[in-house]
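In the numbering used here, the protein residues as written are 50 to 183.
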Amino acid sequence: MAQTAASQDPQIEELLAVERRFDAALLSADTAALQTFLAEAFFLNDFMGGVVSKAALLEYLGSGALKFHRIEPHGLTVHRHADTGLVTGWTDMKAELQGALSEVKSRFLHVYVKENETWRMLAAQGTVIPELDS
50 MAQTAASQDP QIEELLAVER RFDAALLSAD TAALQTFLAE AFFLNDFMGG
100 VVSKAALLEY LGSGALKFHR IEPHGLTVHR HADTGLVTGW TDMKAELQGA
150 LSEVKSRFLH VYVKENETWR MLAAQGTVIP ELDS
């Protein structure tokens, strides 16, 4: 059965804490922290339909080609099934990719797995929400 944030399950609280640290690491381009949060097989399905590997994401952030200026999460919901956690919600983001600044609202799904007693993000999917983007 799925667990939500309202259940006060300590694992749910852990997942929410990792989610907050993930956002903070993106904002500060902390690739060392991201190295620990992201599973080795991590991938991101981006807004444009592309697939970004862990290595590519870390390279973009580390080189400054990708910069996050704002990440504001909303409507977070957490589901846990044994050693798998799902975090969904939407974000209001401001980011810069290779000098092009954009502001976007997107619905997201983050998939976490528990490896050696540590939650690590395995996959992420983001979809632009056009009706919120005005």
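Every residue, glycine too, gets a C-beta built ideally from N, C-alpha and C.
Query, Result
"Chain-order list of residues whose beta-carbon lies under 6 angstroms from that of Ala78 (same chain, five-residue window excluded)", "Leu110"
"Selected residue, minimal CA-CA separation from Thr176, among Glu63, Asn165, Phe86 and Val100", "Val100"
"Nearest-angstrom Cα separation, counted from Leu83 out to Met170", "9 angstroms"
"Short CB-CB distance (under 9 angstroms) between Glu62 and chain B", "The structure shown contains no chain B, having only a single protein chain."
"Start-to-end residues for the beta strand (DSSP E) that takes in Glu62", "Counting along the chain, Glu62 falls outside any beta strand (DSSP E), though it belongs to the alpha helix (DSSP H) covering Pro59 to Ser77."
"Cutoff 7 angstroms; reference Asp95; Cβ partners in own chain excluding five residues on either side", "Val101 and Gly175"
"Option in Leu146, His159 and Phe117 with minimal Cα separation from Met97", "Leu146"
"Other residues of its chain near Glu164: CB distance less than 7 angstroms, five sequence neighbours each side excluded", "Ala88"
"Distance, Ser112 Cα to Val160 Cα", "26 angstroms"
"Buried versus exposed, by CB contacts within 10 Å (16 or more), Gly124", "exposed"
"Reduced DSSP secondary structure (H/G/I, E/B, other) of Ala173", "strand"
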